[in-house]
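Below is one structure, written out as structure tokens, with a few remarks after it.
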Amino acid sequence: MSNPDALHYFLGNRLAVCGLALLCLLYLLAGFTFLNDALGHAVVPDPDELRITEKSVLFRETSRRAACALDGSALLAEFPVLSDALAVPGKAFPLPFAGFRLLRQRLAAIGLENLESVNSFVQRFEVVHENKVFELVLFSSENQPPSPTHLFGSDEFGRDVFARVLYASRISLSVGFLAVVIALSLGVLLGCLAGYYGGFLDSVIMRLADVWMSLPGMMLLLTFVALTGANLASTILLIGVLSWPSPARLVRAEVLSLRQREFVEAAKAIGCTQTQIIFRHILPNALAPIIVQATLFLAGAILLESGLSFLGLGVQPPTASWGNMLSNGLSYLRTSPWQAFFPGFMLFLTVLSFNFVAEGLREALDPKRRRGP
Amino acid sequence: MKQVPLLSVKGLSVEFPGLPLQAVRRVSFDVHENECMGLVGESGSGKTVTALAILGLLDPSARITSGEIFFAGEDLRTLPETRRQKIRGHQLAMVFQEPLTAFNPVLSVGEQLSEPLLYHRGLSPWEARQEVLSLLEAVHMPRPRQVFQAFPHQLSGGMRQKAMIAMALSCKPKLLIADEPTSALDVTVQAEILSLLASLRRQFDLSVLFISHDLGIVSRHCSRVAVLRQGEIVEQGKTQTVFSKPRHPYTRALLEAVLR
Numbered sequence: 001m002s003n004p005d006a007l008h009y010f011l012g013n014r015l016a017v018c019g020l021a022l023l024c025l026l027y028l029l030a031g032f033t034f035l036n037d038a039l040g041h042a043v044v045p046d047p048d049e050l051r052i053t054e055k056s057v058l059f060r061e062t063s064r065r066a067a068c069a070l071d072g073s074a075l076l077a078e079f080p081v082l083s084d085a086l087a088v089p090g091k092a093f094p095l096p097f098a099g100f101r102l103l104r105q106r107l108a109a110i111g112l113e114n115l116e117s118v119n120s121f122v123q124r125f126e127v128v129h130e131n132k133v134f135e136l137v138l139f140s141s142e143n144q145p146p147s148p149t150h151l152f153g154s155d156e157f158g159r160d161v162f163a164r165v166l167y168a169s170r171i172s173l174s175v176g177f178l179a180v181v182i183a184l185s186l187g188v189l190l191g192c193l194a195g196y197y198g199g200f201l202d203s204v205i206m207r208l209a210d211v212w213m214s215l216p217g218m219m220l221l222l223t224f225v226a227l228t229g230a231n232l233a234s235t236i237l238l239i240g241v242l243s244w245p246s247p248a249r250l251v252r253a254e255v256l257s258l259r260q261r262e263f264v265e266a267a268k269a270i271g272c273t274q275t276q277i278i279f280r281h282i283l284p285n286a287l288a289p290i291i292v293q294a295t296l297f298l299a300g301a302i303l304l305e306s307g308l309s310f311l312g313l314g315v316q317p318p319t320a321s322w323g324n325m326l327s328n329g330l331s332y333l334r335t336s337p338w339q340a341f342f343p344g345f346m347l348f349l350t351v352l353s354f355n356f357v358a359e360g361l362r363e364a365l366d367p368k369r370r371r372g373p
Numbered sequence: 001m002k003q004v005p006l007l008s009v010k011g012l013s014v015e016f017p018g019l020p021l022q023a024v025r026r027v028s029f030d031v032h033e034n035e036c037m038g039l040v041g042e043s044g045s046g047k048t049v050t051a052l053a054i055l056g057l058l059d060p061s062a063r064i065t066s067g068e069i070f071f072a073g074e075d076l077r078t079l080p081e082t083r084r085q086k087i088r089g090h091q092l093a094m095v096f097q098e099p100l101t102a103f104n105p106v107l108s109v110g111e112q113l114s115e116p117l118l119y120h121r122g123l124s125p126w127e128a129r130q131e132v133l134s135l136l137e138a139v140h141m142p143r144p145r146q147v148f149q150a151f152p153h154q155l156s157g158g159m160r161q162k163a164m165i166a167m168a169l170s171c172k173p174k175l176l177i178a179d180e181p182t183s184a185l186d187v188t189v190q191a192e193i194l195s196l197l198a199s200l201r202r203q204f205d206l207s208v209l210f211i212s213h214d215l216g217i218v219s220r221h222c223s224r225v226a227v228l229r230q231g232e233i234v235e236q237g238k239t240q241t242v243f244s245k246p247r248h249p250y251t252r253a254l255l256e257a258v259l260r
């Protein structure tokens, strides 16, 4: 970026770094559940045959699966089309690619023996139940308080709350990211057009944004879900489409000031077309505030999705989501408070982390907002 | 022997809405091939507006009320925008006064220097990189490989202006418009840039429209000169003639203002 000490400054902000670390951890764990799922209906070795405890099987098998899933071909075979993945709420779009890359490095470092393809796995081990590692192995008894076996306790069906919270994080994070991607692509495009061309186009887009912002978002979402039924994909789409005006305004304001700068004139002088000027020369300069806004909006979108799920209008059980775990846990609040506490706490932690990261980014990218030394 | 000029500006007038005076009034001058033409005048005399009008980069609110701008036989004013984009940066290049603001702060110098090569000559990014590196060597840039990856703010003023000149020359233009290319630099760097421009002019067979308020520089480097005052050309001719026997009182005043 243009600001060489921005990274340094960001790393100096303890809250933001803590938030970022938490989010990274969350993404790693969510990525882990995804890997487990990707090969969930494959294979687990028989502990007796290998003469090891069940716990080691659990550990070895998850690492093996992870390693295996990192073999690109196996992954592609499991997730052929993005839209397919989206259509099934239980298999929300696998987003944690950042977590992926990290995992790949870790696994490479550990140097697992026998990095074999899925096929040989299938031949060597017998097929067992789906989601064995996280759900069925830990299936022991109902309403257990937190313990080493059930880190976050278990629910009324004996499902491990920790595993469910992790699976739910996948949904929440995916919803957040996709909604942000939709809102930003719309907002940035319209904002650029309005800011760069100005005049009539600008007025039309900005008045549209004013009208859009006066729509009651939550009411609209509720009505929509009530009319069409709970559907994760359309909820994401609606959250995204509803929130384009604020990034659009932000981008417009940035573009308005950037287009007067001399480097834009210089870009014209070397024969750049208008598209090249907007997207290659102006937009990268406006990126910093967009990133900050996106981070804040991510937290907002996650909250919105949880709210919908809490009301029973978002993700439907048995698929786990922080929102529906919370509303389910409310019924058992007196007997097993961990059922509601942990999903709620995770939600709180995630949103808080996003806000800290956003604040840190804002200060790091914009020297004017920095506090004195 | 009268050859057809490379650039011929005829009766150019530019006005900005709301201002009583025209910024440029009936300005006419020619730039011939392999010639360095000077355009001098105090600030606000319309030098830059003339340059921008030639490139077609005037602010949208400005209006060219009359005049023709012939470049290599084509009237730039009547050409469609797409054709003008092809000429800009390709046959007609510009060096800006302040190289720091003329470079995009978030793109590396190499990326920006490659742009004209990618757009006008259709080179692949790898070819463009090789070409840019050789251009950087042609302008005597120290450590071209590091400069290629550097961001504009990491270079010194002189290096930035060299990079700017390299970018302007990248597509072997016929005419280079240099708008006060040395005003933002200190005197030693100024001399280096000017001698570089002079040697590149011979090397690349360039014509240069040299805009400056510095009469000393103009008298040393330009064969002909036009003196602008409040948007009008008050005097033009061979540099020696104009400077040794100024006919207009304004030229005389300008010459007397030069520090000796």
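The listed protein sequences derive, respectively, from chains A and B. Mapping to full-length UniProt numbering: the first sequence position 189 is 189, numbers consecutive. Mapping to full-length UniProt numbering: the second sequence position 134 is 134, numbers consecutive. C-beta: ideal position from N, C-alpha, C; glycine also.
The stretch 313–330 of chain A in contact with the stretch 265–284 of chain A per 3-pair CB rule at 8 Å: no
Same chain, Cβ closer than 7 Å to A301(A), five either side skipped, listed in chain order: Start at 1 with the first residue of the first sequence, and residue 301(A) comes out as number 301. Annotation for A301(A): V175, G176, A179, V180, I239 place their beta carbon closer than 7 Å to its own, counting only its chain and skipping 5 residues before and after.
Proximity winner among M164(B), Q91(B), L57(B), D75(B), relative to L100(B) (alpha-carbon distances): Here the question's residue 100(B) lines up with position 100 in the second sequence. Out of M164(B), Q91(B), L57(B), D75(B), M164(B) has the C-alpha closest to the C-alpha of L100(B).
Within-7 Å CB hit, V9(B) to chain A: Translated into the one-based positions of the second sequence, residue 9(B) becomes position 9. At a cut-off of 7 Å between beta-carbon atoms, V9(B) makes no contact with chain A.
Contacts that R88(B) makes with chain A (C-beta to C-beta distance below 8 Å): Within the second sequence, the letter at position 88 stands for residue 88(B). K268, A269, I270, G271, listed in chain order.
Run of the alpha helix (DSSP H) containing S114(B), from where it starts to where it stops: Here residue 114(B) is taken as the residue at index 114 of the second sequence, counted from 1. Taken as a continuous stretch (DSSP letters only), the alpha helix (DSSP H) holding S114(B) covers 109–120.
DSSP three-state assignment for S309(A), whether helix, strand or coil: The residue labelled residue 309(A) in the question sits at position 309 within the first sequence. Helix at S309(A).
Buried versus exposed call for F279(A) [16 or more other C-beta atoms within 10 Å across all chains shown]: Your numbering for residue 279(A) matches position 279 in the first sequence. That one is exposed.
Neighbourhood of L11(A) by C-beta, 7 Å cutoff - its chain only, sequence neighbours within 5 removed: Position 11 of the first sequence, counted from the start, is the residue given in the question as residue 11(A). Only V17 meet the Cβ criterion.
Contact with chain A by N34(B), beta-carbon distance below 7 Å: Within the second sequence, residue 34(B) is the residue found at index 34, counting from 1. Not one chain A Cβ lies under 7 Å of N34(B).
Chain-ordered residues of the stretch 105–129 of chain B with a beta carbon less than 8 Å from chain A: Within the stretch 105–129 of chain B, the qualifying residues are P105, V106, L107, E115, P116, Y119, H120.
Bridge-paired residues (DSSP) for E68(B): As a first step, residue 68(B) is located in the second sequence; it is residue number 68 there, counting from the start. DSSP output for E68(B) lists K10(B) as bridge partner(s).
Nearest neighbour of I177(B), chosen from Q97(B), F151(B), P144(B) [CA to CA]: Taking the first residue of the second sequence as position 1, residue 177(B) is located at position 177. For I177(B), the nearest C-alpha among the options comes from Q97(B).
Separation of T350(A) from L22(A), as counted between CA atoms: Along the first sequence, read from residue 1 onward, the residue named residue 22(A) stands at position 22. Along the first sequence, read from residue 1 onward, the residue named residue 350(A) stands at position 350. Looking at the two C-alpha atoms, the distance is approximately 8 Å.
Between the CA atoms of L221(A) and L227(A) - distance to the nearest angstrom: On the first sequence, residue 227(A) is found 227 positions in, with the first residue counted as 1. On the first sequence, residue 221(A) is found 221 positions in, with the first residue counted as 1. Rounded to whole angstroms, the gap between the alpha carbons of L227(A) and L221(A) is 10 Å.
CA-to-CA distance, H90(B) to K172(B), given in whole angstroms: If you number the second sequence from 1, residue 172(B) lands on position 172. If you number the second sequence from 1, residue 90(B) lands on position 90. About 7 Å.
G344(A) versus S169(A), S257(A), I205(A), residue with shortest Cα-Cα distance: Counting from 1 along the first sequence, the entry for residue 344(A) is found at position 344. For G344(A), the nearest C-alpha among the options comes from S169(A).
Pick from E35(B), V106(B), V109(B) that is closest to R202(B), judged by C-alpha positions: Reading the second sequence from its first residue, position 202 is the one you call residue 202(B). The residue with the shortest Cα to Cα distance from R202(B) is E35(B).
Sequence-distant residues of the same chain with beta carbon closer than 6 Å to I182(A), five excluded per side: Indexing the first sequence from 1 puts residue 182(A) at position 182. Result list for I182(A): G240, in chain order.
Span separating the alpha-carbon of T182(B) from that of L347(A): Taking the second sequence and counting its residues from 1, one reaches residue 182(B) at position 182. Taking the first sequence and counting its residues from 1, one reaches residue 347(A) at position 347. Taking the straight line joining both Cα atoms gives about 59 Å.
Beta-bridge pairing of M37(B) - partner residues as DSSP gives them: In the second sequence, counting from the first residue as 1, residue 37(B) sits at position 37. According to DSSP, which records beta bridges pairwise, M37(B) is partnered with L209(B), R224(B).
E254(A): contacting residues in chain B (beta-carbon distance under 9 Å): Within the first sequence, residue 254(A) is the residue found at index 254, counting from 1. Within 9 Å Cβ-Cβ: nothing; E254(A) doesn't reach chain B, min ~12 Å.
Reduced DSSP secondary structure (H/G/I, E/B, other) of G237(B): The residue you call residue 237(B) lines up with position 237 of the second sequence. Of the three classes helix, strand and coil, the one that applies to G237(B) here is strand, per DSSP.
Opposing strand residues paired with A178(B) [DSSP bridges]: Position 178 of the second sequence, counted from the first residue, corresponds to residue 178(B). Per DSSP, V95(B), F210(B).
Inter-residue spacing [alpha-carbon to alpha-carbon] between V49(B) and V14(B): On the second sequence, residue 49(B) is found 49 positions in, with the first residue counted as 1. On the second sequence, residue 14(B) is found 14 positions in, with the first residue counted as 1. Rounded to whole angstroms, V49(B) to V14(B) spans 8 Å at the Cα level.
Assumed close pair R137(B), G158(B) - CB separation to whole angstroms, cut-off 8 Å: In the second sequence, the residue the question calls residue 137(B) occupies position 137. In the second sequence, the residue the question calls residue 158(B) occupies position 158. A quick correction: the sequence has Glu, not Arg, at residue 137(B). With a Cβ gap of about 16 Å, E137(B) and G158(B) do not count as contacting.
Stretch pair the stretch 77–91 of chain B + the stretch 268–275 of chain A: three plus CB contacts closer than 8 Å: yes
Nearest neighbour of V208(B), chosen from W126(B), T188(B), A168(B) [CA to CA]: Indexing the second sequence from 1 puts residue 208(B) at position 208. With distances taken between CA atoms, V208(B) lies nearest to A168(B) out of W126(B), T188(B), A168(B).
Residue-level contact to chain A via CB, M159(B), 7 Å cutoff: Stepping through the second sequence from its first residue, residue 159(B) is reached at position 159. For M159(B), the answer is no, since every Cβ of chain A falls outside 7 Å of its Cβ.
Beta strand (DSSP E) segment containing Q22(B), residue limits: Residue mapping note: residue 22(B) aligns to position 22 of the second sequence, counting from 1. That run of the beta strand (DSSP E) goes 22–31.
Residue interval of the alpha helix (DSSP H) (run including R279(A)): By one-based count along the first sequence, residue 279(A) stands at place 279. It is worth fixing the name first, because residue 279(A) is Phe in this sequence and not Arg. Counting along the chain, F279(A) falls outside any alpha helix (DSSP H), and DSSP gives it neither H nor E.
Residues bridged to D75(B) [DSSP beta-bridge criterion]: Position 75 of the second sequence holds residue 75(B). Beta-bridge pairing links D75(B) to F70(B).
Neighbouring residues, chain A, relative to T101(B) (Cβ below 7 Å): Your numbering for residue 101(B) matches position 101 in the second sequence. Neighbours of T101(B) on chain A, chain order: R261, E262, F263.
E42(B) - DSSP class collapsed to helix/strand/coil: Against the second sequence, residue 42(B) aligns to sequence position 42. Here E42(B) sits in coil by DSSP.
Chain-ordered neighbours of residue 405(A) on chain B, where CB pairs are closer than 8 Å: In the structure as shown, chain A begins at 1 and stops at 373. Residue 405(A) is therefore absent and cannot be evaluated.
Buried or exposed by the 16-neighbour rule on C-beta atoms within 10 Å, applied to A108(A): Walking along the first sequence from the start, residue 108(A) turns up at place 108. Model confidence at A108(A) stands at a pLDDT of 31, short of 50, so the residue's coordinates are unreliable and nothing is read from them.
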